[in-house]
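In this note's numbering, the protein residues as written are 10 to 210.
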């Protein structure tokens with residue numbers, strides 16, 4: 010009986026925590042000012058590569074991201090965000106292929122241990138817009154524009170702290186960064202999709 014009551018209490022607290030963690034606003038002006046850090050447990054980057062002219066898009070997932078920014082709601086459009094991706098965290102679910110792609114013929118993760126995006130400004134509507142910045146990949150830096158949706162801001166788990174989340178997409182040409190390996194079977198246009206959450210420090 011006691012055990013059943015404890016389980017019920019724990020379940021109720023979990024439900025309350027989930028409810029308290031929902032986003033409460035999609036208005037950037039209502040995000041508290043301060044320093045925000047990327048939550049690595051809730052951040053991922055997916056890259057879709059056309060296979061053999063477009064029979065399908067091969068999906069690659071990068072699992073280790075880091076970054077952060079300082080936020081001022083009075084000037085949210087000028088927020089400068091830096092996000093780094095560890096190329097060695099690449100996952101394809103194809104046995105042995107991860108090692109091939111992170112090797113010197115492709116991403117060369119040993120020579121280039123980070124992929125970096127530095128955002129310089131944001132424009133658009135409060136809940137969605139375009140983030141302009143520079144992407145450094147394989148030692149080459151090019152301007153990139155991200156279509157971003159601000160999913161909202163709200164309290165963290167059990168109502169603690171402040172959390173915000175974003176989703177976004179963009180398309181780049183890998184040849185712009187000098188990556189032309191296997192161009193006969195892997196397309197040049199890469200679709201990038203990311204999901205990230207930040208928490209206030």
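Note that the Cβ used here is the ideal one computed from N, Cα and C, for glycine as well.
Note that the structure is predicted; figures quoted are calculated from it, not measured.
Check                                                                                                                                                                      : Outcome
Would you kindly report the start and end of the unbroken beta strand (DSSP E) that includes residue 74?                                                                   : 74 to 80
With 16 other CB atoms within 10 Å as the buried threshold, where does residue 88 fall?                                                                                    : buried
Could you name the residues that DSSP lists as bridge partners for residue 195?                                                                                            : 60
Hey, residue 124 and residue 157 are a contact pair by Cβ (cut 8 angstroms); roughly how many whole angstroms apart?                                                       : Their Cβ separation, rounded to whole angstroms, is 18 angstroms, which puts residue 124 and residue 157 out of contact at 8 angstroms.
Helix, strand or coil for residue 99, going by three-state DSSP, please let me know.                                                                                       : strand
To the nearest angstrom, how far is it from the Cα of residue 194 to the Cα of residue 185?                                                                                : 18 angstroms
Pick helix, strand or coil for residue 52, following the three-state DSSP scheme.                                                                                          : strand
What do you get for residue 37, buried or exposed, if any count of 16 or more other CB atoms within 10 angstroms of its CB means buried?                                   : buried
Determine, using beta carbons only, whether residue 180 and residue 200 come nearer to each other than 8 angstroms.                                                        : yes
With DSSP collapsed to three states, give me the class of residue 32.                                                                                                      : coil
For the putative contact between residue 86 and residue 45, defined by C-beta atoms under 8 angstroms, what is the C-beta separation to the nearest angstrom?              : Incorrect: roughly 16 angstroms between the Cβ atoms, too far for contact.
Which of the three DSSP states, helix, strand or coil, is assigned to residue 156?                                                                                         : strand
Between the C-alpha atoms of residue 189 and residue 110, what's the straight-line distance to the nearest angstrom?                                                       : 13 angstroms
Using a Cβ-Cβ cut-off of 7 angstroms (strictly less than) and excluding sequence neighbours within five positions of residue 114, which residues of its own chain qualify? : 190
Rounded to whole angstroms, what is the Cα-Cα separation between residue 66 and residue 56?                                                                                : 9 angstroms
Where does residue 131 land, buried or exposed, given buried means 16+ other C-beta within 10 angstroms?                                                                   : buried
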